[in-house]
Structure formats: structure tokens, C-alpha cells
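Working notes, structure below.
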Amino acid sequence: MFHVTITYTRYLLLVATLVLSACAVGPDYVRPTATPVMPAAYKELDGWKQAQPRDGAVKGAWWRLFNDPQLNALEEQVAISNQNVLAAEAQFRQASALVRSAKAGYYPTVSVGASVDRSRRSDNIGAGTSSAGTTTDYQLPVDLSWEADIWGRIRRSVEASRASAQASAADLAAARLSAQATLAQAYFQLRTLDSQKQLLETTASYYQKSLDLTRNRYASGVAARSDVLQAETQLKSTRAQAIDTGVQRAQLEHAIALLIGKPASSFSLAPAPLVATPPAIPLGLPSELLERRPDVAASERRVAAANAQIGVAEAAWYPTVRLSASGGFEATSLSKWLTWPSRFWAVGPSVSETLFDGGLRGSQDDQARAAYDADVAAYRQAVLTGFQEVEDNLAALRILENEARVQDEAVVAARQSVTITDNQYKAGIVGYLNVLVAQTAELANQQTAIDIQGRRMVAGVLLIKALGGGWDAALPPEGEGLEKGN
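Under this note's numbering, the first residue of the sequence shown carries the number 9, and numbering increases by one thereafter.
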């Protein structure tokens with residue numbers, strides 16, 4: 009609606025030239041070293057059976073490695089029903105929106121408004137002039153304001169926001185992985201209790217037969233009354249242990265309900281003994297752990313965000329260049345308001361520099377650098393923690409596998425001991441106390457074997473979690489949503 013002269017065009021060209029030739033202040037980001045020395049292989053790998061084919065990493069739905077349909081069905085509900093995961097997803101969407109908010113600084117701000125102002129100036133002020141009296145002012149202005157990002161403050165802000173959004177995406181993956189791993193642990197612990205209860209109930213049934221035999225021998229005058237009491241004590245104690253497993257099982261069932269976003273009162277799992285064994289888990293190299301673990305990736309992205317914030321703080325030391333323009337229509341008569349002679353416009357750049365702020369900018373710069381150092385330390389700590397967790401569970405799986413083999417041999421020996429001692433008791437060679445000791449040893453060894461099996465399954469879950477599950481920093485699904493938001 010109004011003309012821009014050659015002079016103001018030159019202003020625009022000058023500002024555009026400054027922007028295009030400008031460089032962002034502050035350090036360019038370089039990923040910090042994760043550890044002083046990156047190990048070439050895991051320490052506890054000796055004796056570990058690698059998965060075949062050796063593809064180097066768990067892919068996608070990692071829980072399917074355990075080949076348990078019930079576990080698969082439960083895990084599928086975590087991503088859509090777990091409230092902690094949904095909260096992390098909302099936080100990621102918030103971080104993505106902040107990226108778009110930061111990128112809005114690249115563009116000018118344009119506002120438009122209309123106003124009608126009726127006023128009367130003082131006669132003493134307006135005396136002798138034509139401006140005295142009552143007037144009505146009709147305005148329809150359009151204002152434009154644009155900050156030239158010469159020193160890269162806006163670019164560094166966008167860089168920091170983008171890195172924070174990527175960290176939030178990794179946080180979402182970490183929350184999902186944590187819930188999935190916790191669910192798998194609870195599930196296998198519950199199945200271990202089911203196996204323990206099945207063993208105790210089967211053993212109690214065997215003890216009932218032993219008690220009946222002892223009672224018959226007592227009625228025949230062959231066995232003593234103490235033998236009957238010992239058999240009854242053993243039976244009742246075993247039944248009590250079977251009942252006691254219900255307490256922890258109920259708590260684990262309630263925990264699973266919470267993890268899949270269901271009320272504990274409306275969720276139940278039918279009992280089923282634990283029959284699975286830990287799958288062969290592909291490990292990859294220690295260096296790949298930096299890309300496989302979402303918590304490590306999140307820590308590294310926060311370092312990148314903190315590095316960009318140093319540039320934002322340093323940009324405050326430089327002048328701010330802003331281009332402002334306004335135009336529209338203004339008149340004292342409604343009939344002339346939108347006519348061509350009522351037009352007005354103004355355009356021009358402005359430069360401002362803070363000369364004294366009481367040390368504010370210096371303190372903000374120090375704060376940004378300290379925050380960067382803290383994030384670097386947190387990143388390195390996350391890497392070291394990741395290595396520790398992998399080594400811990402590698403050692404646990406290797407040692408528990410050897411222990412399970414020896415324990416199975418102990419169960420076989422205990423079972424043979426019970427058979428021999430029971431035959432000796434029936435033949436009158438030994439007393440019932442020998443039978444009781446042999447049976448107690450057999451039950452204890454069987455319980456230990458089941459416990460080891462459950463611990464192996466949990467260690468397998470924890471190893472997969474320590475390796476990052478099925479997540480891959482190179483192709484995070486959240487990255488697609490982030491790009492769309494740019």
C-alpha cells in the first residue's frame with residue numbers, strides 16, 4: 009500500500025549482507041571423549057556364547073528373543089498404556105514445539121491493529137494553534153520487526169533446542185525401555201514363583217503319600233509315633249511354603265498391571281511354570297554402546313545443547329541489529345481513513361549495545377560454561393555406568409550358567425539319595441529321620457535350581473537393557489517426528 013524508496017532498499021540489502029556474512033559466535037560442537045580409553049572388548053566376555061548369526065545388536069522388539077507369547081502380549085501394551093511412557097512422549101512433543109518456537113526467531117514479527125482515539129488537548133497548550141480542541145484519530149497500522157542474526161544468537165538457540173529435543177526423544181526411548189525391562193523382570197519372577205509353588209505342591213503330594221505309609225507302619229507297630237509326627241510336620245511346612253508364595257506373586261501381578269496401565273483389581277495372570285532359558289544375546293562392540301543406549305545418547309545430546317548455550321551467552325556481548333518498519337492509514341475523519349493520502353510509513357534499522365549490566369553477561373557466560381562441564385561429566389558417567397551394567401550381567405549370566413549345571417547335578421544326586429534312603433527305611437535299616445533329611449535336601453536343591461533359572465532369565469533381561477534394547481540412535485523413530493516439526 010506504500011512505496012519503499014531506493015534508500016530503504018539499500019538498508020535491507022545492507023542488513024541481508026551482514027546476516028549472510030555473519031558467523032555464529034561460541035564454540036562449534038565436538039562430541040567429548042566418553043572415556044580415557046575405549047575398551048576393545050568386554051572384560052566378562054570370556055566363555056560367553058555369542059548369538060548366531062552375529063549381527064552385533066538386538067533389533068526391535070527384543071523381548072521376542074525369549075519366545076514367550078504371554079510376555080509378548082504384555083510388552084505390546086507398555087508403549088500405549090504405561091503412564092510414565094505417555095508422560096515422556098508428551099515431554100518430547102513439548103521439546104519439539106520448543107524447536108519450532110526457537111526457529112521462529114529467523115522470521116520477522118508482523119502485527120496489525122486498528123484504533124479510534126478521540127481526544128481533546130488543553131486550550132492553554134493548544135492556544136493560538138490549530139491543534140487545540142477535540143479531535144478523532146483513526147489508525148490502521150502494520151508493524152514489522154526483525155532481528156538480524158549477525159552473531160548467531162538465534163542459530164545457537166535453535167541448535168540448543170534441537171539437541172534438547174533429541175535428548176527428549178532418547179529420554180522417551182529410555183522410559184519405554186525401562187518399563188519394558190521392568191515388566192519382563194516382574195514376569196519372569198512371577199513365573200519363577202509359579203514353578204516354586206508347583207514344586208512345593210508336587211512335593212506336598214509326595215509327602216502326603218509318605219505320611220500315609222508312615223501311619224500304616226505305625227498302626228502295624230513297625231514305626232514309632234515320632235515318625236508320624238515328623239512326617240506331618242514336613243507335610244504342613246511344605247504346604248505353608250506353597251501358600252506363602254502367593255504373597256509375592258500377588259505383588260508381582262499388581263506391578264505388571266501398573267506397568268501396562270491397568271488397575272490391579274482387574275488384572276490377573278494364570279499360573280504357569282517357568283520353562284524358558286536365557287536366549288543367546290548379540291553383544292556387539294563396547295564402542296557401539298554409545299549408540300545403543302538411549303540414556304547415553306540423551307546425555308550426549310544435552311552436552312550439545314549446553315555447548316550451543318555458550319554461543320547464546322557469548323552473543324549477548326555483541327550489538328543487536330534490528331530492522332523495523334511500519335505503515336498504514338491514519339486520518340481524523342472516518343470518510344478519509346482508508347484513502348490514499350492518509351497513508352503513512354516508516355522503515356529503518358537500529359543498533360543497540362549494552363554498555364554496563366553489572367556483570368550480568370559475564371556471569372551468564374560462566375554459568376553456560378559450567379553447565380557444559382557438568383553435562384560432559386554426566387555423559388561420561390552414563391557411559392561408565394553402561395559399561396558396568398553390561399559387565400555385571402555378562403558375569404551374572406556366565407556364572408549362573410555354570411552354577412545351574414552344577415546345581416542340576418546336585419538335584420539328581422539328592423533325588424537318588426531320597427530313593428535309596430526311602431528303600432532303606434522301608435526295609436527297616438534306617439530311621440525315618442534319615443528319610444526326612446534326604447527329602448529336605450532334595451526339596452532345597454530343587455528350589456535352588458528353580459531360583460537360579462529365574463535369576464538367569466532376569467540377568468538376560470538386564471543385559472539386553474544394558475545394551476540399549478532394540479533402540480538405535482542412528483534411526484530413532486522419534487527423529488521422524490522431530491524433522492516434521494522443523
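Note that beta-carbon positions come from the ideal geometry of N, C-alpha and C, so glycine has one too.
Short of 7 Å in beta carbon distance, which residues of its chain neighbour residue i, apart from the five on each side in sequence? Order them along the chain.
{"i": "Glu361", "result": "Pro327"}
{"i": "Gln249", "result": "Leu208"}
{"i": "Ser123", "result": "Gln147"}
{"i": "Gln455", "result": "Gln204, Leu207"}
{"i": "Glu167", "result": "Ala316"}
{"i": "Ser176", "result": "Gln99, Phe100, Ala103"}
{"i": "Ser350", "result": "Phe337, Glu338, Ala339, Lys344"}
{"i": "Asp235", "result": "Thr222, Tyr226, Tyr440"}
{"i": "Ala474", "result": "Gly394, Glu397, Val398, Asn401"}
{"i": "His262", "result": "Ala272"}
{"i": "Ala496", "result": "A query on residue 496 cannot be resolved here, the shown segment of the chain reaching from 9 to 494 and no further."}
So residue i is in the alpha helix (DSSP H); what residue range does that whole segment cover?
{"i": "Thr456", "result": "440-474"}
{"i": "Ser104", "result": "91-111"}
{"i": "Ala321", "result": "302-323"}
{"i": "Leu392", "result": "368-434"}
{"i": "Pro357", "result": "It is not in any alpha helix (DSSP H) - Pro357 instead sits in the beta strand (DSSP E) that spans 351-360."}
{"i": "Leu79", "result": "77-83"}
Starting from residue i, follow the beta strand (DSSP E) in both directions and report where the run begins and ends.
{"i": "Asp125", "result": "123-129"}
{"i": "Leu277", "result": "No beta strand (DSSP E) holds Leu277; DSSP gives it neither H nor E."}
{"i": "Glu296", "result": "Glu296 -> no beta strand (DSSP E), and no H or E assigned at all."}
{"i": "Ser334", "result": "328-339"}
{"i": "Val120", "result": "117-120"}
Within a Cβ cutoff of 6 Å, which residues of the same chain sit near residue i, ignoring the five residues on either side of it in sequence?
{"i": "Ser307", "result": "Ala386, Tyr387, Ala390"}
{"i": "Gly336", "result": "Leu148, Pro149, Val150"}
{"i": "Val12", "result": "Bear in mind that the predicted position of Val12 carries a pLDDT of just 39, short of 50, making it unreliable; the figure below should be weighed with that in mind. Answer for Val12: no residue qualifies."}
{"i": "Thr429", "result": "Asn442, Val443, Ala446"}
{"i": "Glu409", "result": "none"}
{"i": "Leu346", "result": "Phe337"}
{"i": "Asn494", "result": "Confidence in Asn494 is poor, its pLDDT being 36 and thus under 50, which makes the residue's placement too unreliable to answer from."}
{"i": "Asp303", "result": "Ala182, Ala390"}
{"i": "Ala354", "result": "Ser334"}
{"i": "Thr372", "result": "As written in the sequence, residue 372 is Gln, which differs from the Thr given in the question. Closer than 6 Å at Cβ, skipping near neighbours: Ala321."}
{"i": "Thr117", "result": "Ser153"}
Can you name, in chain order, every residue of its own chain whose Cβ lies under 8 Å from the Cβ of residue i, other than the five neighbours on each side?
{"i": "Ser89", "result": "Ile268, Gly269, Lys270"}
{"i": "Val329", "result": "Val23, Leu26, Glu155, Ala156, Ile158, Pro357, Ser358, Val359"}
{"i": "Thr340", "result": "Thr143, Thr144, Asp145, Tyr146"}
{"i": "Glu34", "result": "Note that residue 34 is Gly in the sequence shown, not Glu. Once the five neighbours on either side are set aside, the close Cβ partners of Gly34 are Gly160, Arg164, Asn315, Ala316, Ile318, Gly319, Val320, Ala321, Glu322, Ala323."}
{"i": "Arg423", "result": "Glu450"}
{"i": "Ile458", "result": "Thr200, Ser203, Gln204, Leu207, Leu282"}
{"i": "Ala48", "result": "Leu293, Pro294"}
{"i": "Arg126", "result": "Thr142, Thr143, Thr144, Asp145"}
{"i": "Gly436", "result": "Val230"}
{"i": "Gln415", "result": "Asn453, Thr456, Ala457, Ile460"}
Would you please state the rounded distance, in angstroms, between the beta carbons of residue i and residue j? I believe it to be under 8 Å.
{"i": "Val419", "j": "Asn453", "result": "5 Å"}
{"i": "Asn75", "j": "Ala284", "result": "7 Å"}
{"i": "Gly113", "j": "Glu83", "result": "No, Gly113 and Glu83 are not in contact; Cβ-Cβ is about 42 Å, not under 8 Å."}
{"i": "Leu277", "j": "Leu198", "result": "7 Å"}
{"i": "Gly476", "j": "Arg300", "result": "3 Å"}
{"i": "Ala183", "j": "Val93", "result": "5 Å"}
{"i": "Gln216", "j": "Leu243", "result": "6 Å"}
{"i": "Ala173", "j": "Ala312", "result": "So it is not a contact: roughly 11 Å between Cβ atoms."}
{"i": "Ile460", "j": "Ala421", "result": "That belief does not hold up - the Cβ atoms of Ile460 and Ala421 are roughly 16 Å apart, past 8 Å."}
{"i": "Ala478", "j": "Gly121", "result": "This sequence places Gly at residue 478; Ala is not what is there. With a Cβ gap of about 54 Å, Gly478 and Gly121 do not count as contacting."}
{"i": "Val384", "j": "Pro44", "result": "Their Cβ separation, rounded to whole angstroms, is 13 Å, which puts Val384 and Pro44 out of contact at 8 Å."}
{"i": "Asp179", "j": "Ala96", "result": "6 Å"}
{"i": "Leu79", "j": "Trp70", "result": "Their Cβ separation, rounded to whole angstroms, is 11 Å, which puts Leu79 and Trp70 out of contact at 8 Å."}
{"i": "Gln432", "j": "Val426", "result": "Incorrect: roughly 11 Å between the Cβ atoms, too far for contact."}
Could you name each continuous beta strand (DSSP E) segment of 3 residues or more that falls completely within the segment 181-239, going from the start of the chain to the end?
-> none
Please confirm if the segment 361-381 is in contact with the segment 447-464, defined as three or more CB-CB distances below 8 Å between the two stretches.
-> no
Decide if the segment 258-268 is in contact with the segment 189-196; the criterion is three or more beta carbon pairs, one per stretch, under 8 Å apart.
-> yes
Answer yes if the segment 457-475 comes into contact with the segment 395-402, meaning at least three C-beta pairs across the two stretches below 8 Å, and no otherwise.
-> yes
Kindly confirm or deny that the segment 215-222 and the segment 292-300 touch, where touching means at least three C-beta pairs closer than 8 Å.
-> no
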